[in-house]
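Just so you know, we're using UniProt numbering here: the sequence shown kicks off at 1 and counts up by one. No residue lacks a Cβ here, since even glycine has one placed at the ideal position from N, Cα and C. Quick caveat: nothing in here was measured; it's all calculated off a predicted structure. These notes are about the structure you will find just below.
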Amino acid sequence: MKQTLTVFSPAKVNLQLEIGERRTDGFHQAKSIMQALTLHDMVTVVLDDGVDAYLSPDGFSDFAIDVTCTTFEGIPELDVAPESNIAYKAAAALAEKLGHEQGHISIHIEKHIPFEAGLGGGSSNAAAVIAGLCRAWGEDAASEAALDVARALGADVAFFLHGGCVQLGEKGDVLERTFEPARGTVVLVKIDEGVSTKAAYAAFDELAAVQHVESTDAIESAAELPLFNNLAAASEQVLPALAETREWLASQPGVAHDAEGKAEVLLCGSGSATFAIVEDGDSIRKAADIVAAAKLKGMWARSCSFAPIGVRVLDGQGAGSNLGAPRKIW
């Protein structure tokens, strides 16, 4: 029998990212508050158990997975073997966990979320595969088995199974609480250069003084959270163009400001995307003007909104438009 499932696979931003001391296991303490966005990829999962044998790189097998991707809006092709793709790893790990290592799983990703931007695109795709396969196999995507697979792949993967606005603690992988999701329009911009997470954390460890954010215990709504990212200074030290991008975005008409008059602009994780919250009142036009100005400077740029959900299997309904530039297939 063949089953085809289409899954909404959103991006995210970190409204707050507070990195702490290095732990004995080599990781850093981290508090992260993630908020889903309407910018999304679409992931199609086709499960076919009607054929007995499949040709794989290792010969014929009764279980096979393949991954393909179409990129939009000028996003370059990802030069990675399918088995190295986190979506492939999610399918393989879940199949092993649930005892479904037979048949053919075909995964196709319509990619609108840029790579290596701090927007969680790959993690979201992995969560989408988990959600789609759980639906096909009659498993709850919120089950411990599914969550174990997600957490093993990364904290962001587990977040996308939940969505909305969530605070994660420990090393950034333990769900601590939820917030009422934010609402409003967001502009995302990304320069071509990037910063590796390893380089950003190495620079962070060399910082003379590290900022910390005030407690969020009394806050219930994401709209009340002050934007914060104490990893940004390290990333901007490694790649000064990130600071220039932040300053440019903060200077644009239509960008919202907090109660202290500071532009609501923040680096996404360790980069290389930066986001700005747009003022209420004709926000779509204001966002379009900022996007147009960013594109004139040669940056990738998109406007979108905060989203109250995570990955979702679609039941005959669309998830909105992601129109863009000519596509590329790999």
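- Distance between G122 and K262, taken at the CA atoms: about 31 Å.
- Annotation: the continuous alpha helix (DSSP H) that includes A90 extends over I86 to L98.
- Residues of the same chain with a CB within less than 8 Å of the CB of D140, apart from the 5 flanking positions on each side, are C134 and A146 in chain order.
- CA-to-CA, the gap between R302 and G138 works out to about 36 Å.
- Here the alpha carbons of L119 and A233 stand approximately 18 Å from one another.
- Closest by C-alpha distance to D205, out of S235, H112, K2 and Q167, is S235.
- For P10, DSSP records a beta bridge to H40.
- Cβ-Cβ distances below 7 Å link L98 to W137, E139 and A145 in the same chain, with the five nearest sequence neighbours on each side left out; the list follows chain order.
- In this chain, R285 is not harboured by any beta strand (DSSP E); it is covered by the alpha helix (DSSP H) spanning S283 to L296.
- Within the same chain, V195, A199, A200 and A203 come within 7 Å of V238 by CB-CB distance, once the 5 residues on both sides are set aside.
- In the DSSP assignment, D156 falls outside any beta strand (DSSP E) and lies within the alpha helix (DSSP H) extending over A155 to H162.
- C304 carries a strand assignment under DSSP once its states are collapsed to helix, strand and coil.
- Measuring C-alpha to C-alpha distances from F27 to each of A223, E170 and A158 identifies E170 as the nearest.
- Residues A263 and A276 of the same chain have their beta carbon placed closer than 6 Å to that of V255, with the five preceding and five following residues left out of the count.
- Counting every other CB atom within 10 Å of its CB across the protein chains shown gives I19 a total of 16 or more, marking it as buried.
- Excluding residues up to 5 positions away in sequence, nothing lies with its Cβ nearer than 8 Å to the Cβ of A259 in the same chain.
- Three or more pairs of CB atoms, one per stretch, sit closer than 8 Å, so the region 266-274 contacts the region 237-253.
- Of the residues assessed, H212 falls on the exposed side of the cut-off, its CB having fewer than 16 other CB atoms within 10 angstroms.
- A distance of 7 Å or more separates the beta carbons of D25 and G103.
- Between Q35 and A182, the CB-CB gap stays under 7 Å.
- The Cβ-Cβ distance between E193 and A241 falls below 7 Å.
- Along the region 102-188, the alpha helix (DSSP H) occurs as fully enclosed runs of 4 or more residues at 121-137, 144-153 and 155-162, listed in sequence order.
- If you look at L242, you'll find it in the alpha helix (DSSP H) that goes A241 to A250.
- Counting only the Cα atoms, I191 lies some 8 Å from G298.
- Taking 7 Å as the cut-off, the Cβ atoms of S124 and P308 do not count as close.
- When secondary structure is reduced to three states using DSSP, V213 falls in the coil class, being assigned neither helix nor strand.
- Put simply, of T197, H162, K286 and D156 the residue whose alpha carbon is nearest the alpha carbon of T185 is K286.
- Under the DSSP assignment, D66 falls in the beta strand (DSSP E) whose first and last residues are F63 to T71.
- Around the beta carbon of R312, 16 or more other beta carbons lie within 10 angstroms, which makes this residue buried.
- According to the DSSP assignment, T197 belongs to the alpha helix (DSSP H) that extends over T197 to D205.
- If the five residues before and after V129 are omitted, its C-beta is found closer than 8 Å to the C-beta atoms of V7, V43, V45, A87, A90, A91, L94 and I107, all from its own chain and listed in chain order.
- Within its own chain, the residues whose Cβ lies closer than 7 Å to the Cβ of A293, once the five positions on either side in sequence are excluded, are Q252, listed in chain order.
- Residue environment for L39: buried (at least 16 other C-beta atoms within 10 angstroms of its C-beta).
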